[in-house]
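Engineer:
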Amino acid sequence: MSSTDHKDSYKARNAFFWLAPLASVRLTLVLLSLSMILVFVATLEQVRIGIRGALSEYFESLVGIWHYPEQFWGGEFLHHIPLPIPGGYLLGGLLILNLVAAFLTRFQWTFKKVGIQLIHLGIIALLVGQLVTQATQEESRMQINKGESVNYLERFHGVELALIDVTDPERETVVAIPQELLEEGQRLRHDSLPFDLIVKSFGVNCDFNVSPSGSTREGLTEEVDRGVGLTANLAITDKEEDFSSDAMNFGYLVFELTHKDGSLGTWLSLSHPAGNHWWKESEKLADFAFQPIRHEGRLWGASLRPKREYLPYSIELLGIENEFYQGTEIPFNFESDVVLNMDDNQTRRALVYMNTPLRHDGKTFYQYQMNNAADYTVFQVIRNPSWLVPYLACIIISIGLLWQFLWHLVAFLQKNSSKSPKGA
Amino acid sequence: MILFRFSIFAQGLRVALTALILSCTPSCSENHAIEAYPIEPEYEGPVVAWDLPENWAENPDLSGPMAGSFHIKTEEGPKGRIGVMPFRESVSILEVANMFAREIGYGILTERSLAPLLERKTLGDRVFEWVRMEERGGTGTGRSILLALFRQDSETWLFPFIAEKELVETELENFSAFLESTVLRPGKATIQARPPEPAPSPPPSPAELEGVPSWDVPSHWVTGKSSSMRLASHKVYDEEGNEIDFSITSFPGDVGGLLANVNRWLGQIGLPPTDQENLPNFVSRVEVAGLPAQLVEASSEDQALYAAILFKDDRSWFFKMTGSASLAAKEKEGFLHLLDSVSFPKP
Chain S
6 MSSTDHKDSY
16 KARNAFFWLA
26 PLASVRLTLV
36 LLSLSMILVF
46 VATLEQVRIG
56 IRGALSEYFE
66 SLVGIWHYPE
76 QFWGGEFLHH
86 IPLPIPGGYL
96 LGGLLILNLV
106 AAFLTRFQWT
116 FKKVGIQLIH
126 LGIIALLVGQ
136 LVTQATQEES
146 RMQINKGESV
156 NYLERFHGVE
166 LALIDVTDPE
176 RETVVAIPQE
186 LLEEGQRLRH
196 DSLPFDLIVK
206 SFGVNCDFNV
216 SPSGSTREGL
226 TEEVDRGVGL
236 TANLAITDKE
246 EDFSSDAMNF
256 GYLVFELTHK
266 DGSLGTWLSL
276 SHPAGNHWWK
286 ESEKLADFAF
296 QPIRHEGRLW
306 GASLRPKREY
316 LPYSIELLGI
326 ENEFYQGTEI
336 PFNFESDVVL
346 NMDDNQTRRA
356 LVYMNTPLRH
366 DGKTFYQYQM
376 NNAADYTVFQ
386 VIRNPSWLVP
396 YLACIIISIG
406 LLWQFLWHLV
416 AFLQKNSSKS
426 PKGA
Chain B
3 MILFRFSIFA
13 QGLRVALTAL
23 ILSCTPSCSE
33 NHAIEAYPIE
43 PEYEGPVVAW
53 DLPENWAENP
63 DLSGPMAGSF
73 HIKTEEGPKG
83 RIGVMPFRES
93 VSILEVANMF
103 AREIGYGILT
113 ERSLAPLLER
123 KTLGDRVFEW
133 VRMEERGGTG
143 TGRSILLALF
153 RQDSETWLFP
163 FIAEKELVET
173 ELENFSAFLE
183 STVLRPGKAT
193 IQARPPEPAP
203 SPPPSPAELE
213 GVPSWDVPSH
223 WVTGKSSSMR
233 LASHKVYDEE
243 GNEIDFSITS
253 FPGDVGGLLA
263 NVNRWLGQIG
273 LPPTDQENLP
283 NFVSRVEVAG
293 LPAQLVEASS
303 EDQALYAAIL
313 FKDDRSWFFK
323 MTGSASLAAK
333 EKEGFLHLLD
343 SVSFPKP
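Sequence lines, in order, name chains S and B.
Going by the numbering used here, the first sequence opens with residue 6, and the numbers climb by one from there.
Going by the numbering used here, the second sequence opens with residue 3, and the numbers climb by one from there.
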């Protein structure tokens, strides 16, 4: 290496000397060891709280609290001690800092080392890409009945209170209040709403029972004096959110509407975990899909429902087919024949089946569930804006590896040729 | 060896990474705000909108086939009932009139007997079939039923107005203005034509009616349907949507005795059962139709019960009022007045 090269390297390291403690290899090893512990603990916990629970508690957090399993040796004593485990965001964030610091302070800024730097840059991109995916990826579902079109997605997790003005025959106006704003005691207003909404109670899961006629409701639904909560005499009990894969979380909201002349009444709204259209199966609770509220000559409907996203296109289900392994009930193939109806009167026919999703407008529609008897299909819809990052990162790492290999190869060949005896 | 100055590259990289992390931050914490947006029509039910007269208010217990339900605000409390019922199919005015006719003593109407009650009324650009029936006989308070039927394409919209005769008279103008103001949009979902309430039970036979007492009902109590079980049935509502139910029933024998009946009623308003020793906490003496009877009073946090039990000629007579505690307390005086007014026919 020439003296100028050394000088440049020294300058670069000098400029970032304050990052030196973060660039420690020991820190890298500690973080990687902790990552292994995190993966081990989360895998154990997945059995107890399900994939979503483990993701939320250990990977999508800074610190997770773990209790030593009761069934392990000494569990009866150790189980009660809460053990903090560094979470995915903390370890991932620190790993990124560690790599970036090393990148800036330790590595030599020479052509010889470009390969190494590209490899590290690729790994940083992978980690950052994962962080962005975690933060921005959305998973939804779309259920379509045969012969019908649907133009919205419903999130698997999270609810919203939709207040819909259906008076105008040409278009409906939806005022959607996200779950995050539904805090007890909160008074909510919006220019499109002719009334204020006061949140009495809200929860992501509950047990509900139809109380005997004439009996009084106590607790959360005590104040309910309008709608299905009143007519079906419903009593509810708050429950912890269930993270297991077959969880059925019924979200609930008790809300009061008020306007200048006073209270319009208090309603109970329940969200069905599989979509509010399922309420129609129950005669008494059917109105949970749309509880009519009449105010100032307009008809509004209230519905606590899985968070919706409306699309600028619709998907029509033409037909479905499912095949099973012979003599079993194990599905072999689910297949949905659909037509995508776009805004500009363009259509696109597609066959969606296992491992062959439909991709459109940044979203991927995977075949998820199907009910041949009831003639409907359900797609799992994924939107991941950073889906290209892992591919780009792998390309960068590959170029880095190739560069490093070729550099050494050329150097080796040059060295060999210079050593070979002259005139041999 | 070619030399390259990497320091500029390193600075650039640092800036780029900082920008990437910062740009990620807002998307990590989504902006949670109330959103309003238009969508293509999805709602398939009927849409009914109206201008409500100032002295009218909506009933909270909208259910069954009703698209709207209202009462009239009076100084004595809410009175009368006005409804909006959409029928998916075309129904005849005779079918509709017969849903209500028996309730007020008309028996089964025929084309011929309906003709004098029927007229055509034009309100704005709409033509309504208009049927008015006045209560006949019974112990009622002179109720009047006004039925307005409007046909639009294959849809039929019924607006029943049930109230005391005088109230129907005074509110006729408001009722007409209300009908004229309504926006009626049929729903896509099928609505089966069915009576608003179960068909009334056959009236008690003359033998059963023998020895039935008479009584005075407070004028603002809304008369409900009597049946073979209920000799009288009334509802009272207030502005806040509270409701109480009043009934008069009669059964042979002592129906399990005083303690059993009291405990059954306590259970209905969410109170634990009592025993013989504590029974006097709920029961006091009262006189009904000049005879000694028991007055039962109990209230839970929001429900109350006032009942009188009279044992006469091997029969038990129950006069029972139950419902919202606040409203029941206000109506207690009316209830005691009703007990005072009970009178049995002389043999």
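Note that beta-carbon positions come from the ideal geometry of N, C-alpha and C, so glycine has one too.
Helix, strand or coil for B:E335 per DSSP?
Structural biologist: In this structure, B:E335 counts as helix in the three-state DSSP scheme.
Engineer: Tell me the residue span of the beta strand (DSSP E) that contains S:S154.
Structural biologist: S154 to D170 is the extent of the beta strand (DSSP E) around S:S154.
Engineer: Note down the Cα distance separating B:A209 from B:R138, rounded to an integer number of angstroms.
Structural biologist: For B:A209, the predicted structure reports a pLDDT of 40, less than 50, and the residue's modelled location is therefore unreliable. A value from the coordinates is still provided. About 20 Å.
Engineer: For B:E78, I'd like the list of residues in its chain whose CB is within less than 6 Å of its CB, leaving aside the five on either flank, ordered along the chain.
Structural biologist: Cβ neighbours of B:E78 beyond the five flanking positions: H222.
Engineer: Per DSSP, S:F77 forms a beta bridge with which residues?
Structural biologist: DSSP, once it has assigned bridges, lists no residue as partnering S:F77.
Engineer: Under 7 Å Cβ-Cβ, which residues of chain B neighbour S:D182?
Structural biologist: The question names Asp, but residue 182 of chain S in the sequence shown is Ile. Per Cβ cutoff of 7 Å: I36.
Engineer: Alpha carbon to alpha carbon, how far is B:W132 from B:A99? Give it in angstroms, no decimals.
Structural biologist: Straight-line Cα distance between these residues: approximately 10 Å.
Engineer: Between S:L186 and chain B, is the shortest Cβ-Cβ distance under 7 Å, so that the two count as touching?
Structural biologist: Judged by the 7 Å Cβ criterion, S:L186 is in contact with chain B.
Engineer: Once the 5 residues before and after S:P390 are set aside, which same chain residues still bring their CB inside 6 Å of it?
Structural biologist: Cβ within range, chain order: T141.
Engineer: Can you tell me whether B:F11 is helix, strand or coil according to DSSP?
Structural biologist: Note that B:F11 has pLDDT 45, beneath the 50 cutoff, so the model's placement of it is unreliable and no number is given.
Engineer: Please report how far the alpha carbon of S:E65 lies from the alpha carbon of S:T33, in whole angstroms.
Structural biologist: So the two alpha carbons sit approximately 21 Å from each other.
Engineer: What would DSSP say about S:A47, mapped onto helix, strand or coil?
Structural biologist: If DSSP states are grouped into helix, strand and coil, S:A47 belongs with the helices.
Engineer: What are the complete alpha helix (DSSP H) segments, minimum 4 residues, inside the segment 72-117 of chain B?
Structural biologist: For the segment 72-117 of chain B, whole alpha helix (DSSP H) runs of length 4 or above, ordered along the chain, are 95-103 and 113-116.
Engineer: Can you check whether the C-beta of S:G234 is within less than 7 Å of a C-beta belonging to chain A?
Structural biologist: Going by chain labels, chain A is absent from the structure shown, which instead holds the protein chains S and B.
Engineer: What residue from B:E241, B:Y39, B:R83 and B:L293 has the CA that sits closest to S:A181's CA?
Structural biologist: Looking at the Cα atoms, B:Y39 is the closest of the given residues.
Engineer: Tell whether a beta-carbon distance below 7 Å holds between S:F21 and S:L109.
Structural biologist: Against a cut-off of 7 Å, the Cβ pair of S:L109 and S:F21 comes out as a contact.
Engineer: Compare the C-beta of S:V179 with all C-beta atoms of chain B and state if any pair is closer than 7 Å.
Structural biologist: Chain B, which has a Cβ nearer than 7 Å to the Cβ of S:V179, makes this yes.
Engineer: Considering only residues of the segment 178-234 of chain S, which uninterrupted beta strand (DSSP E) runs meet the minimum length of 3 residues and lie entirely inside it, listed in chain order?
Structural biologist: The qualifying runs are 201-208 and 211-215.
Engineer: Leaving out five residues before and five after S:S154 in sequence, what residues of the same chain have Cβ atoms less than 7 Å from its Cβ?
Structural biologist: S319, I320, E321 and N346, listed in sequence order.
Engineer: Distance cutoff 7 Å, beta carbons only. Does S:T33 sit that close to anything in chain B?
Structural biologist: Closer than 7 Å: no.
Engineer: Using a C-beta cutoff of 7 Å, does S:L304 count as contacting chain B?
Structural biologist: Yes, S:L304 lies at the interface with chain B (some Cβ there is under 7 Å from its Cβ).
Engineer: If we count the other Cβ atoms within 10 Å of its Cβ and call it buried at 16 or more, is S:I401 buried or exposed?
Structural biologist: Classification of S:I401: buried, given that the 10 Å Cβ count is 16 or more.
Engineer: Is the CB of S:H264 under 7 Å away from at least one CB in chain B?
Structural biologist: Not closer than 7 Å to any Cβ of chain B, the Cβ of S:H264 fails to qualify, so no.
Engineer: Taking all protein chains shown into account, decide if S:M147 is buried (16 or more other Cβ within 10 angstroms of its Cβ) or exposed.
Structural biologist: That one is buried.
Engineer: On the three-pair Cβ rule with 8 Å, is the segment 367-384 of chain S touching the segment 84-94 of chain S?
Structural biologist: Cβ pair count under 8 Å is below three, so no.
Engineer: What's the call for S:M359, buried or exposed, on a 16-neighbour Cβ count within 10 Å?
Structural biologist: Exposed: under 16 other Cβ atoms inside 10 Å.
Engineer: Where does S:L356 sit, in a helix, a strand or coil, going by DSSP?
Structural biologist: In the structure shown, S:L356 sits in a strand (DSSP, three-state: E or B).
Engineer: Return the residues of the segment 294-314 of chain B that lie within a Cβ-Cβ distance of less than 8 Å from chain S, sorted by chain order.
Structural biologist: From the segment 294-314 of chain B, only S302, E303, D304 and Q305 have a Cβ closer than 8 Å to chain S.
Engineer: Could you check which residue in B:E182, B:K75 and B:E44 has the C-alpha nearest to that of B:E56?
Structural biologist: Per the Cα distances, B:K75.
Engineer: Where does the unbroken beta strand (DSSP E) through S:T423 begin, and where does it stop?
Structural biologist: In the sequence on display, residue 423 of chain S carries Ser and not Thr. Counting along the chain, S:S423 falls outside any beta strand (DSSP E), though it belongs to the alpha helix (DSSP H) covering V394 to K424.
Engineer: Roughly how many angstroms lie between the CA atoms of S:P297 and B:V50, to the nearest whole one?
Structural biologist: The alpha-carbon atoms of S:P297 and B:V50 are separated by roughly 11 Å.
Engineer: To the nearest angstrom, report how far apart S:H264 and B:Q270 are at their CA atoms.
Structural biologist: About 34 Å.
Engineer: Could you tell me whether the segment 270-280 of chain B touches the segment 288-299 of chain B, using the rule of 3 or more Cβ pairs below 8 Å?
Structural biologist: At 8 Å Cβ cutoff, the stretches do not touch.
Engineer: Quick one: what's S:V383 bridged to in DSSP?
Structural biologist: Partner(s): S:Q148 and S:Q374.
Engineer: Let me see if you follow: with CB-CB separation under 7 Å, is B:R187 close to chain S or not?
Structural biologist: Chain S contact via Cβ: present.
Engineer: How about the segment 36-50 of chain S and the segment 92-99 of chain S: do they share at least three Cβ pairs that are nearer than 8 Å?
Structural biologist: At 8 Å Cβ cutoff, the stretches touch.
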